[in-house]
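In our numbering, the protein residues as written are 3 to 605.
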């Protein structure tokens, strides 16, 4: 027991307080939370194994502990799965083969780390594996690195791992804990490995955040995970095409086909992984791993033939880009930036608007379909505003296209935008004007007083905000009672908006990805391939009502006949047709407008 606390730097997973020992119990000196120690393994879990829960996991753990001396490692696996009624018979042999091949897979991971890091990969001293399972990676890793630690949420697997270590003649400290709440202080490890783990966790964003926290700078985070959109079978249930189904259908389909639970597994696609990892690691690199020979030997002849094809095409640039989207599995290498170089990681949206800040104002005024749409939206919004001497807040003010008109109406103008470069351009353009204020801000966290503004405007922004509901709540918070909120939404029922959001932008994303991975050049920011959330009028009205807002008017705008990119190919024709169709905004066809303006009173 004493060896646990002296050899490991562990802390309370909840409050990160120091732990003290008392027999087979660890106690947090700060929050007084108590944690048991089972067979020399601290159980620091915040919540239980998603597949069994605390009670069933303890029962299975005791069963393994009582019989571990009777079997060698392969025999222990046979015994364990013979006492696992939740696992169908046809999957047990496959799982056992996978566990027996785990050390070979671990060596393949070390080889992958070498190929990515070169000699620097061997410089790591302190290594953590999250979701170590039966310790397949830890055995070869312990022979390379000075200090290796394994964690897993399943206590029973850690007991099985100890049997593997015993037969290998090595000792490796193990901790039972949640990947979302690691019981380690900040910046303790040089390398963190999560091999086939992320897809089994409850809160994947939290797992990545915690991995970043315990890494030293410039440490490495290695992630291996199957691809949601793989063209091969799903590796956990051996069914083809599961990832292409909507997430709400996946469990029912797997339950129907195989009779097993699939609710606890969440595979991510290339773009989903890139997005969630990019928020914590500035350097993220994907690679297509090889198949180790031990695993290959257990494959059928047909699968071995597929592997040969895979090995060939993954080295062909065009096919490599295809495999990054539809290949079976990813190896992902992330590096934590050195402290002296650390900067906040900007979202793609902010990076894009920073890049066009110097020409943003001209984009609003040019004679193009986009420029005309901007002018129509501006005109419709101004028609809804009355003259006043109050205060107005423009959220996502962009280049300040509303400044002159609103100050002419007597308003004191406040503009916020998430892009620092855009705000700098606004200050250069309008800095000498009285009653005009600009600042960098987040629409979901407005650092402004309650009931301060008479009018709040949000044009062309809400569809770019992931937490748009929180943003609307904040807007209504800062408005005075009986004040007005004018907000524009992209229309869910507009063919133009639906095409742009769900066909055109995803296609641009795909082409940019191919451009990057084939030519090895930075992805161009010329086109907006950003997340766009479409809204219905009914949904927007209900959302405003939820936060004490009463909708008093709705106006549709921008009736575009030409889908992207045809609107840019025929700009004059597009502008002419759109101008003629603007009269539809008050008629039966108004719901075809690409956007609508909601006028809300705070009650």
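The beta carbon of each residue, even a glycine, is placed where N, CA and C say it ideally should be. Treat the numbers as computed from the prediction; the structure is a model and nothing was measured.
Residues sharing a beta bridge with residue 178, DSSP: For residue 178, which the question treats as bridged, DSSP gives the partners 45 and 154.
Got a sec? Which residues, its chain only, sit under 6 Å from residue 530 by beta carbon, not counting five neighbours each side? Note that residue 530 scores a pLDDT of 41, beneath 50, so its modelled location is shaky; the value from the coordinates is reported in the next line. Same-chain partners within the cutoff: there are none.
Strictly by DSSP, which residues pair up with residue 242? 235
Proximal residues to residue 136 (C-beta, below 7 Å), its chain only, five neighbours per side dropped: For residue 136, where only same-chain residues beyond five positions count, the Cβ hits under 7 Å are 101, 104, 159, 162, 163 and 166.
Considering only residues of the same chain and omitting the five flanking positions on each side of residue 10, which have a CB-CB separation below 6 Å? 175
Contact set for residue 152: own chain, Cβ-Cβ below 7 Å, skip 5 residues either direction: The residues are 131, 134, 137, 140, 163, 174 and 176.
Taking only three categories from DSSP, how would you classify residue 604? strand
Spell out the partners DSSP gives residue 69 in its beta bridges. Answer is none; residue 69 lacks a bridge partner.
The alpha helix (DSSP H) with residue 226 in it runs from where to where? Counting along the chain, residue 226 falls outside any alpha helix (DSSP H), though it belongs to the beta strand (DSSP E) covering 217–228.
Contact belief for residue 441 with residue 495 at Cβ below 8 Å, rounded distance in angstroms: The C-beta distance from residue 441 to residue 495 rounds to 36 Å, too long to fall under 8 Å, and the pair is not in contact.
Identify every residue that forms a DSSP beta bridge with residue 336. 223 and 286
Just grab the DSSP bridge partners of residue 559 for me. 597
Around the Cβ of residue 238, are there at least 16 other Cβ atoms within 10 angstroms (buried) or fewer (exposed)? buried
Tell me the DSSP secondary structure of residue 389 in three-state form. coil
Sorted by chain position, which residues of the same chain lie with C-beta nearer than 7 Å to residue 266's C-beta, five sequence neighbours on each side aside? 52, 53 and 202
Own chain, CB closer than 6 Å to residue 36, minus 5 neighbours either side, in chain order: 27 and 29
Span of the beta strand (DSSP E) around residue 439: Membership of residue 439 in the beta strand (DSSP E) is indicated by the continuous run 438–442.
Would the segment 472–489 and the segment 442–459 be scored as touching if the rule is three or more Cβ pairs under 8 Å? yes
Would the beta-carbon of residue 456 fall within 9 Å of that of residue 418? In this structure, residue 418 does not lie closer than 9 Å to residue 456 by Cβ.
Can you tell me the Cβ-Cβ gap for residue 209 and residue 182, rounded? I've got them flagged as a contact below 8 Å. Indeed, because the Cβ distance is near 6 Å, the residues count as touching under 8 Å.
Looking at the structure shown, is residue 11 part of a helix, part of a strand, or coil, going by DSSP? In the three-state DSSP reduction, residue 11 falls in the coil class, being neither helix nor strand.
Would residue 393 and residue 413 qualify as a contact pair, given that the criterion is a beta-carbon distance under 9 Å? One thing to note: residue 393 has its Cβ within 9 Å of the Cβ of residue 413.
Rounded straight-line distance, which links the Cα of residue 325 to that of residue 331: Straight-line measurement puts the Cα of residue 325 at about 9 Å from the Cα of residue 331.
Tell me whether the beta-carbon of residue 290 lies closer than 9 Å to the beta-carbon of residue 322. Closer than 9 Å, so yes.
Distance check for residue 488 and residue 389, CA to CA, integer angstroms please. 15 Å
Give the secondary structure of residue 51 by DSSP, where H, G and I count as helix, E and B as strand, and everything else as coil. coil
Taking buried to mean at least 16 other C-beta atoms within 10 Å of its own C-beta, is residue 453 buried or exposed? Burial check for residue 453: the Cβ neighbour count within 10 Å stays below 16, so the residue is exposed.
I'd like to know whether the C-beta atoms of residue 555 and residue 599 end up nearer to each other than 9 Å. yes
Local conformation of residue 29 per DSSP, three classes: strand
Could you compute how far the alpha carbon of residue 21 sits from the alpha carbon of residue 450? 41 Å
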